[in-house]
Every structure is written in structure tokens, then in C-alpha cells.
Ligand SMILES: Nc1ncnc2c1ncn2[C@@H]1O[C@H](COP(=O)(O)OP(=O)(O)O)[C@@H](O)[C@H]1O
Ligand SMILES: N[C@@H](CCC(=O)OP(=O)(O)O)C(=O)O
């Protein structure tokens, strides 16, 4: 990590702040956020903005269709994508008006981030923009995404971007003060957690979904994002973006909401990308947990240890290694397609198996990430 990139901050802004009334973009909350960005840059920080809100901002362009209850799910999805396309330009124009420095639009899908070559290209572009004092504004490319291609929410996207940019901190601006021990919209006695030192099942259990009709994911996706970011050494804040005081506090070095402190022992860059950004396209079931203890065990997996192959994947795709009792063991890259792997695993003829595997192991040794046995929702999503 070079010293310069440690000065980077990623700011994620939720839809409710962009278009609070679904009547196009509003400067009501964005002014304070824009001032925060200007002041961060004034302090020598490089800022990357991850801005949600294209759908919320574009909704008012489709008043009749959006209110029509008879619209099919397919037509609704097409409508959302059209709203995103129309709203994205409006949102970029709105942000642009606040600044006397240039902004640049970056639209990404998960398909871009999980491909190593494209990922590295995204990283280079972000760095080049920052070196030229241009503010990158990132959003998911909602118009082209499908279920298989999308990240699905901008909390996780912002953590992936923060890791790619090697940021020092990630600030997630929401419509609430931070993470509470239970959903405060449903529980009057909910308490705010000022700091979370360890993200485990008990933290995920506190998170509920979104109550608004513009937010995506609620607290669950924010915790997933924090888990991704802290393992990269990135301090992650969830703050209330409606309150100007949140930004004043942050500038004074105070945490106005919930802080998840970045790990002192961050994962290696490629391993982090593989663990937290790439998703598995299929599963390989092995006989017992005992067989996979280390990355070396994975790399040496033999065909008779493979019990089953699930899903359809190609050579070079990422797979999840699971034991037959369901334990998640590792994420790894397969050297074989699912069809060929199934065929090899079924063979009793060891000579035939050897003819396939003597030059190439089943699992590619350079990309293996061991997983903790207790799956968290973050891992289930990866
Ligand atoms: N434990 C919790 N603490 C705080 N908010 C929670 C919790 N569980 C669920 N929520 C919901 O998450 C919402 C914030 O997420 P979301 O609606 O997706 O907004 P954003 O647009 O900021 O991403 C809160 O307003 C609240 O309704
Ligand atoms: N990409 C979508 C936003 C998705 C999203 O995560 O929204 P939010 O929960 O408001 O941050 C859009 O621009 O409308």
C-alpha cells in the first residue's frame, strides 16, 4: 500500500438523500454532502463518491407506468432500468453543479469487478482520475445488469470500490444514525452501536431490511460492506446523511454513527479480491472437512475425493469447495469445466484420470481462499 492511496476516502450516498421525494434530484441533503467532499479534498484527501439514486431520480419521468398496478414483473424491471438510465444523467448533472472541479462517471457491474483484468483496469482509471483531481462518481450500471451480473446494492459496491481504490475509509451515508441493536423503525427501545469490533452472526442478527421504497438492502448490506472493507484495513462508518452535523464530526475525526474499525492485519490484495469480490459459479462437494485444511490440501485435491459437482461452470471459473455435511471449506478456481470435472470424478480407471490430471491439478493453486467454517450472510453472498 503506498502512502498516497492511504489518503483515499469512499463516500456512499443512499437514494433517500438524492431524491427524497421521488420528484427528481433535490439539493436538500446533497449540499452538505458536497461541502463535505470539498472540505475533504481541501484537507488533502482523495474522494471517490458512490452515488445511488438513479432509479429514484428517474422515477418522476415515468409517472403513469409507475403507478399502474397491473404492470407485470418483467415490465416493472424494464421500467426500473429505464428510470435508472434517465435518472443517472439527472443525478450526474446535479452533482456536477455543486463542484468547481470536474467529475467523472463510472458505471460498473459485478461482471466487471469479478474479472481480474477489468478490475485492474477499473483501479487504474480511478487512480488516474484522482491524480488529475477529478471526482469519480460510481454507480451500478443498472440498465445492463441481470441477476447473474449485478452486485445488487451500492453498499457492497462501495466496499468493493474502496478495496479496489485501496481507500483509508469508507463512509456510508444512510437515512439513519448508524447500526442499532435492532431495527429502530420497529423497536422504540433500539440502541445505537457506536463501534463494532467484530462482525459475526450476532451483528448480522441485528440487521433488518429497508423500510423505505427507495433504499436497497437495509442494514444487512451495510454490514456485508463493512465486513468486506474492514478485512482490507478500511475503517467503515455508517452515518446519518440527513444531518449536517455528521459531516462536521467526521471532519473533526469523530464518528457520528457506527464505526467498524479496519483490521490491523489486512488481507493480501489478490486474496481479498478473490474472497470478497469474486463469487462462486458452482460447487464441488468433497467427502469430509478433514480433507481440506490448507490451501495446499485444496491444490492437491484428487478426483476420488470429489463426491459431487453442482452448477455449470467453465475452466477458470470460481467454485466453492464444500464438505458433504454442508461446511463451506474454500473458494477456489477450477482448472476444469463442471462437465469435465463430473466426468473425471466418476472414473474408476486411474490411468484415465491420470491422463487428464497429471499436468493440471483439479484446483488452480494461485487462487485459493480458505473460508471460516461458520458461514456469515456475507460469505453466503460471495
Ligand atoms: N438494526 C438496524 N439499525 C438501523 N437501521 C436498520 C436496522 N435494521 C434495519 N434497518 C433499516 O435500514 C434502513 C437503512 O437502509 P436503506 O433503507 O437501504 O437505506 P440507504 O438508502 O441508506 O441504503 C434504516 O432506515 C432502517 O429502516
Ligand atoms: N443503483 C441503484 C441504487 C441501489 C442501492 O443500493 O440503493 P441504496 O440502498 O439507496 O443505496 C440506483 O442508482 O438507483
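Residue numbers (the numbering used here): 50 to 431.
We put the CB at the ideal spot given by N, CA and C, even for glycine.
Computed from a predicted structure; not experimentally measured.
The beta carbons of residue 158 and residue 190 sit closer together than 8 Å. The residues 239 and 255, in chain order, have a CB closer than 7 Å to that of residue 231 in the same chain once the five nearest residues on each side in sequence are set aside. DSSP places residue 76 outside any beta strand (DSSP E), giving it a letter other than H or E. The C-alpha of residue 213 is placed about 8 Å away from the C-alpha of residue 168. Look at the beta carbons and you see the region 208-227 touching the region 58-67: at least three pairs across the two are nearer than 8 Å.
As for any alpha helix (DSSP H) of minimum length 4 sitting wholly inside the region 255-321, the runs are 267-279 and 293-300, ordered along the chain. Around the beta-carbon of residue 217, 16 or more other beta-carbon atoms lie within 10 Å, marking it buried. Following the DSSP letters along the chain, one finds residue 206 inside the alpha helix (DSSP H) bounded by residues 203-213. Annotation for residue 173: the continuous alpha helix (DSSP H) segment containing it runs 165-180. The way I'd put it, the region 132-147 doesn't touch the region 305-315; fewer than three beta-carbon pairs between them come closer than 8 Å.
For residue 107, no beta strand (DSSP E) run applies; the uninterrupted alpha helix (DSSP H) run containing it begins and ends at 103-107, by DSSP. Between residue 126 and residue 152, the beta carbon gap of about 29 Å keeps them out of contact (Cβ cut-off 8 Å).
Taking 8 Å as the cut-off, the Cβ atoms of residue 307 and residue 360 do not count as close. Counting the other CB atoms within 10 Å of its CB gives residue 194 a total of 16 or more, which places it among the buried residues. Remark: the shortest separation between the CB of residue 189 and any heavy atom of ligand 2 falls under 7 Å.
For residue 218, the enclosing beta strand (DSSP E) covers residues 218-223. In this structure, the beta-carbon distance from residue 294 to residue 331 does not fall below 8 Å. The region 64-79 makes contact with the region 97-104, as at least three CB pairs between them are under 8 Å. With a cutoff of 8 Å on beta-carbon distance, residue 266 and residue 204 are scored as near each other. Residue 101 has its CB nearer than 7 Å to a heavy atom of ligand 2.
Beta-bridge analysis with DSSP links residue 380 to 369 and 418.
Between residue 207 and residue 274, the C-beta gap is smaller than 8 Å, which places the two residues in contact.
DSSP, reduced to helix, strand and coil, places residue 91 within a helical segment of the structure shown. In the three-state reduction of the DSSP assignment, residue 253 falls in the helix class.
At a threshold of 7 Å, residue 105 counts as near ligand 2, since its beta carbon sits closer than that to one of the ligand's heavy atoms. Comparing C-alpha distances from residue 110 to each of 121, 71, 93 and 90 shows the shortest one belongs to 71. Per DSSP, residue 143 lies in no beta strand (DSSP E); the unbroken alpha helix (DSSP H) holding it starts and ends at 122-147. From the listed residues 378, 408, 249 and 119, the smallest Cα separation to residue 279 is found for 249.
Between the region 320-328 and the region 342-360, the count of Cβ pairs shorter than 8 Å is below three; the stretches do not touch. Closer than 7 Å to some heavy atom of ligand 2: that does not describe the Cβ of residue 360. A straight-line Cα-Cα distance of about 21 Å links residue 299 and residue 76. In the structure shown, residue 160 falls within a helical segment according to DSSP collapsed to helix, strand and coil. In the DSSP assignment, residue 229 is bridged to 241. Taking the CA atoms as reference points, residue 362 sits about 16 Å from residue 371. Within 10 angstroms of the beta-carbon of residue 382 lie 16 or more other beta-carbons, which makes it buried.
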